[in-house]
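> My questions all concern the structure below.
So this is what it looks like as structure tokens:
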């Protein structure tokens with residue numbers, strides 16, 4: 001992919017982000033932070049690329065450590081979001 | 001993606017990352033209502049699984065056992081932490097998670113620098129990293145490092161390991177600006193160098209080091225009350241770091257996610273700043289709460305008369321009321337009073353009293369902090385209202401029950417031009433027929449260091465005690 005197509009995706013995604021995030025209800029702003037945290041750990045993709053190769057041992061180890069950190073975030077972030085969201089309940093009418 | 005030889009892989013691999021990116025958008029979209037939010041979260045999980053699986057399938061993975069081990073170790077730590085963490089500690093947890101994203105970005109950047117061929121950023125003619133990739137790499141590690149050290153400080157402040165008071169270094173603005181200029185200058189130099197690996201192999205490490213330092217320097221002067229802005233801002237940075245790495249790797253999933261998270265954090269920072277009527281730059285400059293000082297109402301406040309009430313008085317007053325609006329703040333979180341509070345609400349409802357909760361956007365230490373705590377205590381979310389939706393109702397309410405919130409109810413924000421919180425939108429508790437104000441003592445006056453006129457109104461009763469203890473006592477006297 002050339003730079004300009006990547007830049008286009010980035011700019012469009014910023015706009016999508018802008019509108020999507022404004023539509024998030026303020027009551028869910030804490031889960032929003034937790035889940036954005038989890039998805040920003042997609043950086044694990046880069047960590048996996050580094051860890052997959054054995055040509056450069058230092059790079060591989062840096063990659064593996066990054067995989068650990070990103071995994072903490074992915075599992076922790078999604079799990080804590082799930083836990084929080086499960087708490088939001090509507091009143092049961094008697 | 002260089003490894004994918006077949007032409008079908010050339011299509012399917014970017015397509016899979018695109019699907020992952022779209023699923024992440026849908027994950028955030030789900031949060032527009034609590035009813036759809038859990039489905040959204042699951043979509044996020046699926047998106048992440050697709051991104052990880054695609055990466056593993058399309059690379060010649062020689063170290064699969066190590067990788068799976070690393071995922072397992074991280075996964076178990078993350079999962080257990082998520083299960084065990086108390087809801088009141090969410091701000092710390094989020095700060096800690098941000099720091100990990102930042103650190104991961106730095107590590108990935110360093111790995112890409114050491115093994116550029118694996119990332120497809122090596123110019124095969126010169127055997128140097130592509131020029132464009134150098135600038136992306138430089139920015140990625142810089143933002144990642146700032147996110148890391150800034151979040152560590154935010155974590156220490158939120159967790160109480162470090163004082164919430166602003167720490168002001170002399171000439172900090174000069175130091176900070178100088179460091180920032182140095183970082184950008186070094187990245188620009190790295191970009192312009194024809195052969196950086198020969199000329200300056202130390203460049204990238206200096207960029208990382210300086211970025212760690214600036215992240216630290218930027219956050220230490222910022223006080224506890226501004227933490228909602230800081231946490232949101234670091235959230236935004238972690239997104240931009242991921243986006244920069246996405247540019248390096250030409251990976252759409254990372255770019256889309258980075259843009260989403262980056263704008264999300266930026267919007268939250270904006271909402272928080274607006275809710276405090278402060279400019280973003282003035283928050284970043286720091287020192288709020290230290291400069292303000294008690295000079296204004298400091299002496300006069302002790303002499304003014306105020307009324308002290310007991311739990312029994314409060315219970316009696318609320319039992320007689322038709323409507324009660326509860327205003328929770330950070331004090332409720334600190335004393336973990338949310339469960340007792342919900343019990344109090346239930347008992348009042350049994351007496352036929354209408355009970356609602358009013359949330360100020362900056363109540364607590366992160367956006368939406370109060371909502372999560374009330375949800376934890378089983379308060380249904382249709383009883384919880386945002387500032388603009390409920391503020392007009394205080395005029396008709398019999399009792400405003402303020403628990404651990406001070407600055408967000410202070411009428412000085414409307415009347416006193418010299419007040420540091422002037423212009424901040426507030427909850428008009430003073431308009432209620434009577435105000436019950438739960439507070440630990442008359443001494444502390446909120447983070448802004450301003451006295452609150454509501455304490456001294458004729459229709460205000462001060463309930464001086466630990467928030468949880470006071471609410472439990474009220475529950476006891478309501479029960480019989």
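Residue numbers (UniProt numbering), protein chains in the order written: chain U, 1 to 94; chain B, 1 to 480.
Glycine included, C-beta positions come from ideal geometry on N, C-alpha and C.
(1) When you compare each of B:337, B:384 and B:401 to residue 321 of chain B by their alpha carbons, which one comes out closest?
(2) Leaving aside the five residues before and after residue 262 of chain B along the sequence, list all residues of the same chain whose C-beta is less than 7 Å from its C-beta, in chain order.
(3) Could you tell me which of B:150, B:153, B:143 and B:112 sits nearest to residue 133 of chain B, measuring between CA atoms?
(4) What residues from chain U crowd round residue 252 of chain B, counting only those whose CB sits closer than 7 Å?
(5) Measuring CB atoms only, is the segment 50 to 70 of chain B touching the segment 272 to 288 of chain B, in the sense that at least three cross pairs come out at less than 8 Å?
(6) The alpha helix (DSSP H) that contains residue 468 of chain B, what's its start and end?
(7) Counting pairs of Cβ atoms below 8 Å between the segment 249 to 267 of chain B and the segment 407 to 419 of chain B, do you hit three or more?
(8) Answer with yes or no whether the minimum CB distance from residue 39 of chain U to chain B is below 7 Å.
(9) Taking three-plus beta-carbon pairs below 8 Å as touching, is the segment 118 to 126 of chain B in contact with the segment 40 to 60 of chain U?
(10) What residues of chain A sit near residue 361 of chain B, judged by a beta carbon separation below 9 Å?
(11) When you compare each of B:270, B:207 and B:247 to residue 230 of chain B by their alpha carbons, which one comes out closest?
(12) DSSP state of residue 128 of chain B, grouped into three classes?
(13) Does DSSP put residue 351 of chain B in a helix, in a strand, or in coil?
(14) Counting only the same chain and skipping the five closest in sequence on each side, list residues whose C-beta sits under 6 Å from that of residue 345 of chain B.
(15) Comparing the C-beta of residue 300 of chain B with each C-beta of chain U, is any distance below 7 Å?
(16) On a Cα-Cα basis, can you pick out the residue from B:381, B:97 and B:69 that is closest to residue 81 of chain B?
(17) Any idea what DSSP makes of residue 297 of chain B, helix, strand or coil?
(18) Between residue 297 of chain B and chain U, is there a C-beta pair that is closer than 7 Å?
(19) Given that residue 4 of chain U touches chain B, what residues does it touch there, using C-beta distances under 8 Å?
(20) Using DSSP's beta-bridge definition, name the partner residues of residue 328 of chain B.
(21) Tell me, please, whether the CB atom of residue 221 of chain B is closer than 7 Å to any CB atom in chain U?
(22) May I have the straight-line CA-CA distance separating residue 275 of chain B from residue 359 of chain B, to the nearest angstrom?
(23) What does DSSP give as the partner residues of residue 386 of chain B in its beta bridges?
(24) Buried or exposed for residue 468 of chain B, please, with buried defined as at least 16 other CB atoms from any protein chain shown within 10 angstroms of its CB.
(25) Below 7 Å between beta carbons: does that hold for residue 19 of chain U and residue 34 of chain B?
(26) When we look at the beta-carbon of residue 17 of chain U and count the other beta-carbons within 10 Å, is it buried (16 or more) or exposed?
(27) Verify the CB distance criterion: does residue 326 of chain B have a CB-CB separation below 7 Å to chain U?
(28) Using a cut-off of 9 Å between C-beta atoms, extract the partners of residue 369 of chain B located in chain U.
(29) Run down chain U in chain order and give the residues with a C-beta less than 8 Å from the C-beta of residue 24 of chain B.
(30) So is residue 388 of chain B buried or exposed if we call it buried at 16+ other beta carbons inside 10 Å?
(31) Are the Cβ atoms of residue 44 of chain B and residue 20 of chain B separated by less than 7 Å?
(32) Between which two residues does the alpha helix (DSSP H) harbouring residue 457 of chain B extend?
(33) Give a yes or no on whether the minimum CB-CB distance between residue 101 of chain B and chain U is below 7 Å.
(34) Under 9 Å Cβ-Cβ, which residues of chain U neighbour residue 29 of chain B?
(35) Please check if any C-beta of chain U sits within less than 7 Å of the C-beta of residue 81 of chain B.
Inspection of the coordinates gives the following:
(1) B:401
(2) 236, 239, 240 and 243
(3) Answer by Cα proximity: B:112.
(4) 9
(5) no
(6) 467 to 479
(7) no
(8) yes
(9) These segments touch.
(10) Judged by its chain identifiers, the structure shown contains no chain A, and its protein chains are U and B.
(11) B:270
(12) strand
(13) In this structure, residue 351 of chain B counts as coil in the three-state DSSP scheme.
(14) For residue 345 of chain B, where only same-chain residues beyond five positions count, the Cβ hits under 6 Å are 355.
(15) With a pLDDT of 45 at residue 300 of chain B, under the threshold of 50, the modelled position of this residue cannot be trusted, and the question is left open.
(16) B:97
(17) Unreliable placement is indicated for residue 297 of chain B, whose pLDDT of 41 sits below 50; the coordinate value is still reported in the next sentence. Coil.
(18) Interpretation of residue 297 of chain B is limited by its pLDDT of 41, a score under 50 that renders its predicted location unreliable; no figure is taken from the coordinates.
(19) Counting only Cβ-Cβ distances below 8 Å, residue 4 of chain U has no contacts in chain B at all, with the closest Cβ about 11 Å away.
(20) B:403
(21) no
(22) One Cα belongs to residue 275 of chain B, the other to residue 359 of chain B, and the distance between them is close to 11 Å.
(23) B:359
(24) buried
(25) Contact flag unset, no.
(26) buried
(27) no
(28) 29 and 30
(29) 39 and 42
(30) exposed
(31) no
(32) First-last for residue 457 of chain B: undefined, no H or E at that position.
(33) yes
(34) 20, 23 and 24
(35) yes
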